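Data first, discussion second: the structure below is written as structure tokens.
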Amino acid sequence: MPAILWLNGFRFFFYSNEGNPREPAHIHVIKAVTEAKFWREPVVKLASNDGFDSRTVKELMTVIRQHQTMLLETWNDYFS
36 MPAILWLNGF
46 RFFFYSNEGN
56 PREPAHIHVI
66 KAVTEAKFWR
76 EPVVKLASND
86 GFDSRTVKEL
96 MTVIRQHQTM
106 LLETWNDYFS
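Reading the sequence shown from the start, the letters are residues 36 to 115 in this note's numbering.
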């Protein structure tokens with residue numbers, strides 16, 4: 036599972052096997068035992084959440100938006 040970004044203890048990553056057919060571009064975020072998944076296109080949107088509070092989810096969405104270009108380029112490079 037390629038880690039794309041580490042920030043304040045959060046690991047932003049995707050799994051190398053993202054389904055067949057592959058799911059649309061998204062990012063997983065994990066810290067300790069909590070994990071969330073965010074769709075990245077057409078807008079950043081929470082797909083699932085296992086333990087993050089709403090404030091943290093909003094902060095993570097902001098980080099994803101700030102790094103959207105790099106995250107999408109990494110996804111496309113990996114899966115192309």
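Think of the CB as a built atom: it goes at the ideal place given N, C-alpha and C, for glycine as much as any other residue.
Keep in mind that this is a model prediction, so the values were computed, not measured.
Give every residue of the same chain whose Cβ lies closer than 6 Å to the Cβ of residue i, excluding the five residues on either side of it in the sequence, and list them in chain order.
i: I65; result: R46
i: I70; result: The question names Ile, yet the displayed sequence has Glu at residue 70. Excluding positions up to five away in sequence, the list reads D85.
Once the 5 residues before and after residue i are set aside, which same chain residues still bring their CB inside 8 Å of it?
i: A38; result: R46, F47, F48
Grouping DSSP H, G and I as helix and E and B as strand, with all else coil, what is residue i?
i: E70; result: strand
i: F114; result: helix
i: R75; result: coil
i: S89; result: helix
i: R46; result: strand
Given residue i, which residues of its chain have a CB within under 7 Å of its CB, disregarding the five upstream and five downstream residues?
i: N43; result: none
i: N111; result: none
Are the stretch 94-101 and the stretch 71-81 in contact at 8 Å, needing three or more beta carbon pairs?
yes
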